[in-house]
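Counting the sequence shown from 1 gives a position; my numbering is that position plus 246.
See below for the structure under consideration.
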Amino acid sequence: VAGVAVLALPTVILAFLFGQSRIFFVMSRDRLLPRWLGAVNERRGAPVVVTVATAALVSVLAGLLPLGEIAALANAGTLAAFIAVAVSLMVMRVRDPSRARPFRTPIGWVLAPVAILGCIYLFVSLPPATQIRFFIWIAIGLMIYAGMHLWRTRRRVPA
């Protein structure tokens, strides 16, 4: 088991790193982060700046926090993302039923609620300290998001 963990953990961290850098890239494109952060390298066709910045941030956090805490917070974030996807599946089926869907979920009205309940169950089974940290991070993110929205809205309104 330890040998598999040694191989699996770096793979998961690398996948999270690339996933998170792409999330930051999209946030930059949507102007929730500075636009220069989402610049795409002409030769490579990849968002190099945001990938390197994310790698540096992850490296610092990995050096400062215990592995167990990092894994627990990553689990909480992943569960929240799965819940968001399941809720989005149901919302999109109501809001835009004729939308082209390259990936099908044949029994989405069954799978989505089961996924939501399963993820909530797993989230509740995480240590309480992890749940508190997760909600603190969510609150900080929402405050930043609301602040950016207010800042950008006030800049566009003529005086």
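Quick reminder that beta carbons are idealized off the backbone N, C-alpha and C, glycines included.
Note that the structure is predicted; figures quoted are calculated from it, not measured.
| said: If you reduce the DSSP assignment to three classes, tell me which class GLY291 lands in. | reply: coil
| query | Straight-line CA distance for ALA346 to ASP276? | reply | In this structure, the straight-line span from the alpha carbon of ALA346 to that of ASP276 is close to 23 Å.
| request: Using a threshold of 8 Å, state whether the C-beta atoms of ALA322 and GLN377 are closer than that. | output: yes
| If we count the other Cβ atoms within 10 Å of its Cβ and call it buried at 16 or more, is THR297 buried or exposed? | buried
| Quick one: what does DSSP say VAL286 is sitting in, helix, strand or coil? | VAL286: coil per DSSP, three-state reduction.
| task | Could you check which residue in ALA302, ALA392, THR351, TYR367 has the C-alpha nearest to that of LEU260? | result | ALA302
| Range covered by the alpha helix (DSSP H) that runs through ILE418 | Residue 418 falls outside the range modelled here, since the chain spans only 247 to 405, and no answer is possible.
| request: Identify whether ARG401 lies in helix, strand or coil by the three-state DSSP scheme. | output: helix
| message | Alpha carbons only, please: which of GLY309, SER274, LEU310 is nearest the one belonging to VAL295? | response | SER274
| said: Taking the alpha carbon of ALA318 as the reference point, which residue from ALA332, ALA375, ARG398, MET394 has its own alpha carbon closest? | reply: The shortest C-alpha separation from ALA318 is found at ALA375.
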